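Going by our numbering, the letters in the sequence shown line up with residues 1 to 132, in that order.
Notes to accompany the following structure.
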Amino acid sequence: MATSTPTRDAYASPPREPRKEPPSERRQLWRSRLWRFDDKASPYAYIAPFFLVFGAFGLYPLLYTGWIALHRVEMTGLDSMEWVGWENFDKILHDPEFWTSVSNTFLIGVISTVPQLLVALGLAHLLNYRLR
């Protein structure tokens, strides 16, 4: 009975590719710059959609409202605007109903905020005292 033993070549791995030289200094510099740009620009790219939406739905209406406040505008047609400057603000600041509404708003804010804050602090103190 003849047996054969496999030779060393049967188990040999395929020939390796020649070692590649390390990237040139120029390529490493390019990669380093690209990495630094990516590292600095990525956060801005992530928050850019928020600022675009904020600009479209928040900032534009605010600026347009300020522009409209300086004009006399008929609500039936926004196409006819007459420049009046600060006249609208002068009219409001000398109106007694405006100052009554400002004082009522401030009073409602104080009356609703102070008791809520005191109750919340009292409950927090009781919970903290009982849990210890």
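Don't be surprised by glycine CBs; every beta carbon is placed ideally from N, CA and C.
Quick caveat: nothing in here was measured; it's all calculated off a predicted structure.
Helix, strand or coil for residue i, going by three-state DSSP, please let me know.
i, result
"Glu17", "coil"
"Ser24", "coil"
Among the residues of its own chain, which have a CB less than 7 angstroms from the CB of residue i, if the five just before and after it don't count?
i, result
"Ile92", "Phe98"
"Ile111", "none"
"Gly85", "Leu70"
The ligand MN heavy atoms versus the CB of residue i: any closer than 7 angstroms?
i, result
"Phe106", "Here there are no bound small molecules, and the ligand MN is not part of this structure."
Quiz item: Which parts of the segment 46-107 are runs of the beta strand (DSSP E), unbroken and 3 residues or longer, counting only runs that do not cross its ends?
Solution: 71-74 and 77-83
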